[in-house]
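This report refers to the structure that appears directly beneath it.
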Amino acid sequence: MSLGRIKRIVTILFVSISLFFFIFYLAKHYENLPHISWNLRSSAGLATSLLLYLCNMLIAGFAWFILLKPYGQKISPGKAIYIVAFSQFGKYLPGNVGQHIGKLTLSKGEEFPLSKTIQAIIVETALLVVAGASISAIGLLFYDFYTVSKSNLLLTEFALLFLIALLAPKIVFHLINKYGKGFLTKYTGGEKLNLPNTKNLIILILLDLTTFLNLGLILNILSRTVFEFPENNFFFLTTTFAWSWILGYLAPGAPAGLGVREAIVLASLSTRFEPGIAIGLSILLRFITTIGDGIAFGIASLFRKNKTE
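Note that the working numbering numbers the sequence shown so that position 165 is 810, with each residue one more than the last.
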């Protein structure tokens, strides 16, 4: 049996187990799902959450603009946002790599060298994973998750978070350039991976951290406005999303991390929330992100159509 086939089987098993856990937990606690009272407060919470998620799309587009600059690729911030918004919907295709293929295709249309675009995608992925892993590591380190209003450690948490996220990519890329010649030959034509300069690297790390913090804020808003559960912790919710995102993102067979992310969010939230609220939050988060991706794709499609006419 080939290595590729083994990886595919393992991936299918991983995704299937995650989906089974989510469905089993949902069926077991379906009756505990809290009744949602649709009013101005809950509607405003959903609308605000959706806007925050769309802000993440703008942030990701601006990050893509900054990423391309070191490779000599001149592109406007608006064009970069368009590429990200249009290609992002590709993550729902089987394989969870459609968004990268979309970026390669659209960037090729802008006459960017393929090897440079692949380098930018590798750097983008590495920085996102490092940012998410840093949040997860700090969250586990300070597992008491003090409330934001009472925590004397909050500044320490974020200072450590930033330092880890800033230093880790340099270490990882140095090791890849030194020992990963096979990887470089396969994906970049043998070119070494180059990080952006320190100034741009700091900006990119801050942008990536902001996207994760926004998702934690979305969970916080939903729990307070839709489920009327004020006793939650922003950093705990951010950490919950961060490690669920990493595993969902790195599960190559799961479209948009479907099932994997929900299972991890559910398992994490269940340590602090009632089962019904945990289920409701995991479902609403998927709803917000899916609708947000759809809106961004629709706007980008209209932009593309108007451009071609």
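Every residue, glycine too, gets a C-beta built ideally from N, C-alpha and C.
**OP:** Measuring alpha carbon to alpha carbon, tell me which of Gln718, Ile726, Ala730, Ser781 ends up nearest lysine 761.
**Re:** Gln718
Original post:
Are leucine 840 and phenylalanine 818 touching if we call contact CB-CB under 7 Å?
Top reply: yes
Original post:
Cα separation between glutamate 769 and leucine 930?
Top reply: 23 Å
Subject >> Selected residue, minimal CA-CA separation from glycine 690, among Ile944, Leu926, Phe948, Tyr716 >> reply: Leu926
Original post:
Taking C-beta to C-beta, are phenylalanine 863 and serine 682 nearer than 7 Å?
Top reply: Note on identity: in this sequence residue 863 is isoleucine, with phenylalanine being the wrong assignment. No.
**OP:** Figure out for me which residue from Gly893, Val910, Val871 has the closest Cα to the Cα of threonine 883.
**Re:** Val910
Original post:
Tell me which same chain residues have a C-beta within less than 7 Å of the C-beta of leucine 852, skipping the five on either side of it?
Top reply: Ile704, Phe707, Ala708
**OP:** Whole angstroms is fine: what's the gap from valine 729's alpha carbon to lysine 748's?
**Re:** 7 Å
Original post:
Straight-line CA distance for serine 889 to tyrosine 727?
Top reply: 26 Å
Subject >> Whether leucine 713 touches alanine 776 by CB criterion (7 Å) >> reply: no
Original post:
How would you call proline 722, buried or exposed, if buried means at least 16 neighbouring beta carbons within 10 angstroms?
Top reply: exposed
**OP:** Just mark threonine 856 as buried or exposed, buried being the case when its beta carbon has 16 or more other beta carbons within 10 Å.
**Re:** buried
Original post:
If we ignore side chains and look at the alpha-carbon of each, how far apart do leucine 685 and asparagine 865 end up?
Top reply: 17 Å
Subject >> Contiguous alpha helix (DSSP H) assignments of at least 4 residues, all confined to the stretch 842 to 882 >> reply: 843 to 870
Original post:
Should isoleucine 711 and leucine 854 be called a contact, given that it needs their Cβ atoms to be closer than 7 Å?
Top reply: no
Original post:
Which residues mark the beginning and the end of the alpha helix (DSSP H) in which tryptophan 709 is found?
Top reply: 685 to 713
Subject >> Residue from His745, Lys736, Leu808 whose Cα sits closest to the Cα of glycine 893 >> reply: Lys736
Original post:
Expressed to the nearest angstrom, what Euclidean distance is found between the alpha-carbon atoms of isoleucine 783 and glycine 861?
Top reply: 14 Å
Original post:
Whose C-beta lies closer than 7 Å to the C-beta of leucine 697 among residues of the same chain, with five residues either side of it excluded?
Top reply: Asn859, Leu862, Ile863
Original post:
When DSSP labels each residue in this structure, what does leucine 840 get in the three-state scheme?
Top reply: coil
Original post:
Quick one: Cα of phenylalanine 881 to Cα of serine 779, how far?
Top reply: 13 Å
Original post:
How many whole angstroms separate the CB atoms of alanine 923 and serine 915, which I take to be in contact at a CB cut-off of 8 Å?
Top reply: 5 Å
Subject >> Rounded separation between tyrosine 824 and leucine 699 - CA only >> reply: 39 Å
Original post:
Is it right to say isoleucine 891 is buried, meaning 16 or more other beta carbons lie within 10 angstroms of its own, or is it exposed?
Top reply: buried
**OP:** Classify leucine 812 as buried or exposed, calling it buried when 16 or more other Cβ atoms lie within 10 Å of its own Cβ.
**Re:** exposed
Original post:
Smallest Cα separation from phenylalanine 879: which of Ile767, Ala771, Arg917, Leu759?
Top reply: Arg917
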